[in-house]
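Novice: Sharing a structure here in structure tokens format.
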Amino acid sequence: MSAITPPSFKLAFLGPRYWLVWLGVVILYVLTWLPFSWIRAIGSGAGRLIGRIVPKRVKIARRNISLTWPHLSEAEVERLTRENLRRAGMALFETAMGWWWPGWRIKRHFTIEGYEHVEAALAQNKGVFGLALHNMNLEFACRGLGYTHPAIAFYRKHNNPLIDYLQYHGRARSNKYMIHKRNARALIAALDNQELCLYLPDQDYGRSQSIFVPFGGVSQTATSTATLMFARRADCMPMIFTSQYTANGYKVKIYPPMPELASLDDEAALTKLNEKVAEVVAEQPESYLWMHKRFKTRPDKDDPSLYD
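This is the structure we're talking about:
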């Protein structure tokens, strides 16, 4: 096991440098003890505020949506962008809920669908390579998933030491351990030991470690080949995990395995994966993290940006 050493609490965290962080923590902690319907209402209002504070991110979200689904009308794109903003406002509270809510309250607002796919893989003595999508309620969903089956995931250290301390221990409350984001060998070893490991395959990781295959309406989208490296080198069963909103809270939905990712060539495998990711995202498109530049990297560095 090559787990990250959990960050320790330091007396320096009580100093003036961190007082603003503590103020935010206290406010969020208190708000997350409100009734869930109230939190959702506050989150919706926070989304409208985000729209005013970071208009550039709103523009990116709108552009991503229109590129992914070019058949949508301007009015439909605007409606979906507004809904996405509401989800973004709620995401801050969902992170706090995922880190700090007691287990009984998490379980009250959480369900899981498709867990039989995990059980079937484990029955075949396979690790479960969970391809988790960047939905904005992912922090809460991972905490809930841990009460059904504790997971292992890559970890990116936060630049602020206090936030890093809170983030690590919040994520670890119901899950096993975390691995440094560059420690591929440790993730492969965990999969070979028949663990459930989560990996996020749906971001732009740059030209050097990607190939260009379709995603939605963008015919050449930078798509990481690392996903295939894990699927091929580890004794595992790849399957998509996504987190969705429900009337009463949240749901992790697990989709049927995609063993073909290990045997197809790179282009065919990642084209198939992106098709499935787009299909899953379309089930609840307002929940996806549209505010990052998913289509930033172009096949040629001199190609014009899709965001100008």
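Just so you know, we're using the working numbering here: the sequence shown kicks off at 396 and counts up by one.
We put the CB at the ideal spot given by N, CA and C, even for glycine.
Quick caveat, the model's predicted, so the values are computed rather than measured.
With respect to the beta strand (DSSP E) encompassing GLU508, which residues constitute its N-terminal and C-terminal limits?
Specialist: Position 113 of the sequence shown, counting from 1, holds the residue named residue 508. First-last of the beta strand (DSSP E) with GLU508: 505–508.
Novice: Bridge partners for TYR594 per DSSP, in chain order?
Specialist: Mapped onto the sequence shown, residue 594 falls at position 199. According to DSSP, which records beta bridges pairwise, TYR594 is partnered with LEU526.
Novice: Is it true that the stretch 584–594 meets the stretch 518–528, where meeting means three or more beta-carbon pairs spaced less than 8 Å apart?
Specialist: In short, these stretches touch, since the Cβ pair count reaches three.
Novice: For THR506 and ASP695, what's the separation of their Cα atoms in angstroms?
Specialist: What you label residue 506 is simply residue 111 of the sequence shown in a count that begins at 1. What you label residue 695 is simply residue 300 of the sequence shown in a count that begins at 1. THR506 and ASP695: Cα-Cα distance of roughly 44 Å.
Novice: Who are the near neighbours of ALA664 in its chain, counting only those whose CB is closer than 6 Å to its CB and skipping five residues on each side?
Specialist: Sequence index remark: in the sequence shown, residue 664 carries index 269 (1-based). Closer than 6 Å at Cβ, skipping near neighbours: LEU623 and LEU656.
Novice: Just how far apart, CA to CA, sit LEU586 and MET492?
Specialist: The residue given as residue 586 occupies position 191 in the sequence shown. The residue given as residue 492 occupies position 97 in the sequence shown. Using only the alpha carbons, I get a separation of about 29 Å.
Novice: How many angstroms separate the CA atom of TYR672 from the CA atom of ASP559?
Specialist: Position 277 of the sequence shown, counting from 1, holds the residue named residue 672. Position 164 of the sequence shown, counting from 1, holds the residue named residue 559. In the sequence on display, residue 672 carries Val and not Tyr. Roughly 30 Å between the two C-alpha positions.
Novice: So which of ALA436, ARG443, ALA581 and MET632 has the shortest CA-CA distance to ALA515?
Specialist: The count along the sequence shown starts at 1 and reaches residue 515 at position 120. If we check each option's Cα against that of ALA515, MET632 comes out closest.
Novice: For a test of the three-state rule: what should DSSP assign to HIS553, helix, strand or coil?
Specialist: For this step, residue 553 is matched to residue 158 along the sequence shown. It is coil, neither helix nor strand.
Novice: To which residues does DSSP link PRO633 through a beta bridge?
Specialist: To locate residue 633, count along the sequence shown from 1; it is residue 238. According to DSSP, which records beta bridges pairwise, PRO633 is partnered with PHE524.
Novice: My output table needs one value for HIS564: the three-state DSSP class, helix, strand or coil.
Specialist: Counting from 1 along the sequence shown, the entry for residue 564 is found at position 169. Helix.
Novice: Does the stretch 673–681 come into contact with the stretch 535–550, if we say contact requires no fewer than three beta-carbon pairs (one atom in each stretch) closer than 8 Å?
Specialist: The answer is no - the stretch 535–550 does not touch the stretch 673–681, with fewer than three Cβ pairs under 8 Å.
Novice: If you draw a straight line from the alpha carbon of LYS502 to that of LEU533, how long is it in whole angstroms?
Specialist: Numbered from 1 along the sequence shown, position 107 holds the residue referred to as residue 502. Numbered from 1 along the sequence shown, position 138 holds the residue referred to as residue 533. Distance between the alpha carbons of LYS502 and LEU533 is about 15 Å.
Novice: If I measure Cβ to Cβ from CYS537 and keep anything under 6 Å in the same chain, skipping five residues before and after, which residues do I get?
Specialist: Along the sequence shown, read from residue 1 onward, the residue named residue 537 stands at position 142. Result list for CYS537: empty, nothing under 6 Å.
Novice: So for VAL449, helix, strand or coil by DSSP?
Specialist: In the sequence shown, residue 449 corresponds to position 54, counting from 1. Coil.
Novice: Under three-state DSSP, which class holds ILE434?
Specialist: Along the sequence shown, one-based indexing puts residue 434 at 39. The answer is helix: DSSP assigns ILE434 an H, G or I state.
Novice: Should GLU489 be labelled buried (16 or more other beta-carbon atoms within 10 Å of its own) or exposed?
Specialist: Numbered from 1 along the sequence shown, position 94 holds the residue referred to as residue 489. GLU489 is buried by the Cβ-count criterion.
Novice: Would the C-beta of LEU528 count as close to the ligand ATP, meaning under 7 Å from any of its heavy atoms?
Specialist: The ligand ATP is not among the ligands present in this structure, which contains no ligands whatsoever.
Novice: In the DSSP assignment, find the alpha helix (DSSP H) that holds TYR424 and state where it starts and stops.
Specialist: Taking the sequence shown and counting its residues from 1, the one referred to as residue 424 is at position 29. Its alpha helix (DSSP H) spans residues 414–426.
Novice: Do THR618 and ILE635 have their C-beta atoms within less than 8 Å of each other?
Specialist: Locating residue 618 in the sequence shown gives position 223, where the first residue counts as 1. Locating residue 635 in the sequence shown gives position 240, where the first residue counts as 1. In this structure, ILE635 does not lie closer than 8 Å to THR618 by Cβ.
Novice: On a Cα-Cα basis, can you pick out the residue from GLY612, PHE431 and PHE408 that is closest to VAL420?
Specialist: Taking the sequence shown and counting its residues from 1, one reaches residue 420 at position 25. It is PHE408 whose Cα lies nearest to the Cα of VAL420.
Novice: Have a look at GLY498 and ILE422 and give me their C-alpha separation to the nearest angstrom.
Specialist: By 1-based counting over the sequence shown, the position of residue 498 is 103. By 1-based counting over the sequence shown, the position of residue 422 is 27. If you take the alpha carbons of GLY498 and ILE422, they lie about 21 Å apart.
Novice: Whose C-alpha, out of TYR640, TRP495 and GLY611, is nearest the C-alpha of ARG568?
Specialist: Along the sequence shown, one-based indexing puts residue 568 at 173. When only C-alpha atoms are compared, the closest one is TRP495.
Novice: Could you tell me if VAL425 is buried or exposed, where buried requires 16 or more neighbouring beta carbons within 10 angstroms of its beta carbon?
Specialist: The count along the sequence shown starts at 1 and reaches residue 425 at position 30. Looking at its Cβ environment, which holds fewer than 16 other Cβ atoms inside 10 Å, VAL425 is exposed.
Novice: Do you know offhand how far GLU511's Cα is from LYS648's?
Specialist: On the sequence shown, position 116 is the one that residue 511 refers to. On the sequence shown, position 253 is the one that residue 648 refers to. GLU511 and LYS648: Cα-Cα distance of roughly 11 Å.
Novice: Could you give the distance in angstroms between the alpha-carbon of TRP428 and the alpha-carbon of LEU418?
Specialist: Sequence index remark: in the sequence shown, residue 428 carries index 33 (1-based). Sequence index remark: in the sequence shown, residue 418 carries index 23 (1-based). Spanning the two alpha carbons is a distance of roughly 16 Å.
Novice: Suppose contacts are defined by Cβ-Cβ distances below 8 Å. Is HIS575 in contact with TYR550 by that definition?
Specialist: Working through the sequence shown from its first residue, we reach residue 575 at position 180. Working through the sequence shown from its first residue, we reach residue 550 at position 155. Against a cut-off of 8 Å, the Cβ pair of TYR550 and HIS575 comes out as a contact.
Novice: I'd like to check one pair, MET485 with GLY438: are the Cβ atoms closer than 8 Å?
Specialist: Here residue 438 refers to the residue found at position 43 of the sequence shown. Here residue 485 refers to the residue found at position 90 of the sequence shown. Yes; because the gap between Cβ atoms is below 8 Å, this pair is in contact.
Novice: How many whole angstroms separate the CB atoms of TYR650 and GLY509, which I take to be in contact at a CB cut-off of 8 Å?
Specialist: For the purposes of this step, residue 650 is taken as residue 255 along the sequence shown, with counting starting at 1. For the purposes of this step, residue 509 is taken as residue 114 along the sequence shown, with counting starting at 1. Right, their Cβ atoms sit about 6 Å apart.
Novice: What did DSSP end up calling PHE607 once you bin it into helix, strand or coil?
Specialist: Counting from 1 along the sequence shown, the entry for residue 607 is found at position 212. The answer is strand: DSSP assigns PHE607 an E or B state.
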